[in-house]
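Take a look at the structure below.
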Amino acid sequence: TVGAVALDQAGNLAAGTSTGGMTNKRYGRVGDSPIIGAGTYADPRCAVSATGHGEYFIRYTVARDICARVEYQGKSLTEAADVVIHDVLVKAGGEGGVIAMDADGHVAMPFNSTGMYRGYIGDDGAPRVAIFPE
Amino acid sequence: QPKWGLVIHGGAGVISRENLSAEREGQVRAALEQALRAGHAVLASGGPSLDAVTAAIRVLEDSPYFNAGKGAVFNHDGINELDAAIMDGSTRAAGAVAGLRHVKNPIELARRVMEKSPHVMMIGEGAEAFARAQGVELVDPKYFYTEERWQGLQRALEKEREQTSPPSSLRPGHDPVTGDHKFG
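Protein chains in written order, with my numbering: chain A, 153 to 286; chain B, 276 to 459.
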């Protein structure tokens, strides 16, 4: 699964996700990536793209849950994303991670798996890429 | 904090340092950087976040190193089935597609669903008919073939034959070659 979230110079957020699904899947199984609110979500305050065990991300509407915590509880993006990935999802048994941005340009990239291919680039144009929890 | 920017991911799972060769890691990192630069070019020129997201994901879809587009995994029948979604935060407009077998860049079709239809989600043959109507690039399914993903399916099928329950379709696939425990 791959994904991106962006904040443009006009202050608008967007999120996108694309995937090949799961090896050996059957019966037209669909994961969270194309499900708005589960694997992909954006509103004026928050944008999220997820990657992980899709069934859990669908049941816990992970992407929307993170943005709802920002919207209704006034949580910071980092706090909201960390709670959902490291607490809610872990307790449920779901594995994976998200990338997220808010309207102020804050970035969160939490994951509870051993690694997540990920990267960030800001207005300085310097790309930063990571795989493991470094 | 930056005034604008882009974040990407290329999948999560059991990615082992021992099984990720230096060569492979370099290739993955280079592809991620290429995607970041593609999105950054859009944002730096004042382009919208939707264009930046689309540009970055297209790069990752065209790379054989990630489970999307060119590098997609195979389903039980040896077919690549692709899904994608995109959402505009400023308007909450959204587009999603699932079960595609011929669309080279599913993120592009998801965006067409969002911008050129009154709907949010299309699947399977209907989605591909919409792609043809929109002039979205279609490819022979052979385009998506990679030997690594094919062997991954063969190992999953073999493991399935050795086990009786639960069905392997309910568990994430594990690739012992890359150590990459990929989820959908």
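Yeah, the Cβ is synthetic: ideal placement off N, Cα and C, and Gly gets one too.
| message | Considering only their Cβ atoms, is the gap separating residue 196 of chain A from residue 360 of chain B smaller than 8 Å? | response | Taking the second sequence and counting its residues from 1, one reaches residue 360 of chain B at position 85. Taking the first sequence and counting its residues from 1, one reaches residue 196 of chain A at position 44. Result no, Cβ atoms of residue 360 of chain B and residue 196 of chain A do not sit closer than 8 Å.
How many angstroms separate the CA atom of residue 339 of chain B from the CA atom of residue 263 of chain A? Indexing the second sequence from 1 puts residue 339 of chain B at position 64. Indexing the first sequence from 1 puts residue 263 of chain A at position 111. Whole-angstrom Cα-Cα distance: 23 Å.
query = Closer than 9 Å, Cβ to any Cβ of chain B: which residues of the segment 162–182 of chain A, in chain order?
reply = 162, 163, 164, 165, 166, 167, 168, 169, 170, 171, 172, 173, 174, 175, 176, 177, 178, 179, 180, 181 and 182
Select from B/425, B/355, B/303 and B/388 the residue whose C-alpha is nearest the C-alpha of residue 405 of chain B. Position 130 of the second sequence, counted from the first residue, corresponds to residue 405 of chain B. Taking only the C-alpha atoms, the option nearest residue 405 of chain B is B/388.
- Message: Pop quiz: residue 384 of chain B and residue 402 of chain B are said to be a contact at Cβ under 8 Å. What is the actual Cβ separation, rounded to whole angstroms?
- Response: As a working note, residue 384 of chain B is residue 109 in the second sequence. As a working note, residue 402 of chain B is residue 127 in the second sequence. Confirmed, about 7 Å.
From residue 266 of chain B to residue 335 of chain B, what distance separates their C-alpha atoms? Here chain B has residues from 276 to 459 only, and residue 266 of chain B is not among them.
State yes or no: is the beta carbon of residue 423 of chain B nearer than 8 Å to at least one beta carbon in chain A? Position 148 of the second sequence, counting from 1, holds the residue named residue 423 of chain B. So, not an interface residue.
Taking 8 Å as the CB-CB limit, is residue 201 of chain A close to chain B? Translated into positions along the first sequence, residue 201 of chain A becomes position 49. True, the Cβ-Cβ gap to chain B drops below 8 Å.
What does DSSP give as the partner residues of residue 170 of chain A in its beta bridges? Residue mapping note: residue 170 of chain A aligns to position 18 of the first sequence, counting from 1. According to DSSP, residue 170 of chain A bridges with A/154 and B/359.
>> Considering just the uninterrupted stretch of the beta strand (DSSP E) at residue 284 of chain B, what are its terminal residues?
In response: Residue mapping note: residue 284 of chain B aligns to position 9 of the second sequence, counting from 1. Its beta strand (DSSP E) spans residues 280–289.
Original post:
Out of B/386, B/429 and B/290, which has the shortest C-alpha to C-alpha gap to residue 371 of chain B?
Top reply: Looking up residue 371 of chain B in the second sequence gives position 96. Residue B/386 is the option with its Cα nearest to residue 371 of chain B.
Is the Cβ of residue 459 of chain B closer than 8 Å to any Cβ of chain A?
Within the second sequence, the letter at position 184 stands for residue 459 of chain B. Any reading at residue 459 of chain B must be qualified, since the residue scores a pLDDT of 48, below 50, and its modelled position is unreliable; the value itself is stated next. Chain A has a Cβ within less than 8 Å of the Cβ of residue 459 of chain B.
Exercise for review: Take residue 237 of chain A and list the residues in its own chain whose beta-carbon comes closer than 7 Å to its own, dropping the five residues that flank it on each side.
Suggested key: Taking the first residue of the first sequence as 1, we reach residue 237 of chain A at position 85. Closer than 7 Å at Cβ, skipping near neighbours: 249, 250, 262, 263 and 264.
- Query: Could you give the distance in angstroms between the alpha-carbon of residue 323 of chain B and the alpha-carbon of residue 288 of chain B?
  - Reply: Reading the second sequence from its first residue, position 48 is the one you call residue 323 of chain B. Reading the second sequence from its first residue, position 13 is the one you call residue 288 of chain B. One C-alpha to the other measures close to 31 Å.
Next on the checklist: Looking only at its chain, what residues have a beta carbon closer than 8 Å to the beta carbon of residue 284 of chain A, apart from the 5 residues adjacent to it on each side?
Outcome noted: Reading the first sequence from its first residue, position 132 is the one you call residue 284 of chain A. Closer than 8 Å at Cβ, skipping near neighbours: 266 and 267.
Exercise for the section: Could you please give the first and the last residue of the uninterrupted alpha helix (DSSP H) stretch that includes residue 217 of chain A? Expected result: Start at 1 with the first residue of the first sequence, and residue 217 of chain A comes out as number 65. Element bounds for residue 217 of chain A: 214–225.
For this session: Could you name the residues of the segment 381–412 of chain B whose beta carbon sits closer than 9 Å to any beta carbon of chain A, in the order they occur along the chain?
Result: 381, 382, 385, 386, 395, 396, 398 and 399
### Message
Alpha carbons only, please: which of B/367, B/416 and B/284 is nearest the one belonging to residue 170 of chain A?
### Response
For this step, residue 170 of chain A is matched to residue 18 along the first sequence. Residue 170 of chain A has its Cα closest to that of B/284, out of B/367, B/416 and B/284.
Are the C-beta atoms of residue 297 of chain B and some chain A residue less than 8 Å apart?
Residue 297 of chain B sits at position 22 when you count from the first residue of the second sequence. Not closer than 8 Å to any Cβ of chain A, the Cβ of residue 297 of chain B fails to qualify, so no.
Quiz item: If the cut is a Cβ gap below 8 Å, which residues of chain B does residue 226 of chain A touch?
Solution: Stepping through the first sequence from its first residue, residue 226 of chain A is reached at position 74. Under the 8 Å cutoff, chain B gives no residues; its nearest Cβ is about 17 Å from residue 226 of chain A.
At least one CB of chain B closer than 8 Å to the CB of residue 212 of chain A: is that the case?
The residue given as residue 212 of chain A occupies position 60 in the first sequence. For residue 212 of chain A, the answer is no, since every Cβ of chain B falls outside 8 Å of its Cβ.
Whole-angstrom C-beta distance between residue 343 of chain B and residue 154 of chain A, which should lie under 8 Å: Stepping through the first sequence from its first residue, residue 154 of chain A is reached at position 2. Stepping through the second sequence from its first residue, residue 343 of chain B is reached at position 68. Correct: roughly 4 Å between the Cβ atoms.
Review point. Does DSSP put residue 248 of chain A in a helix, a strand or coil?
Key: Along the first sequence, read from residue 1 onward, the residue named residue 248 of chain A stands at position 96. The three-state secondary structure of residue 248 of chain A, taken from DSSP, is strand.
Next on the checklist: Please determine whether the Cβ atom of residue 357 of chain B lies at a distance below 7 Å from any heavy atom of the ligand ADP.
Outcome noted: Judged by which ligands are present, the structure shown has none, so any question about the ligand ADP falls away.
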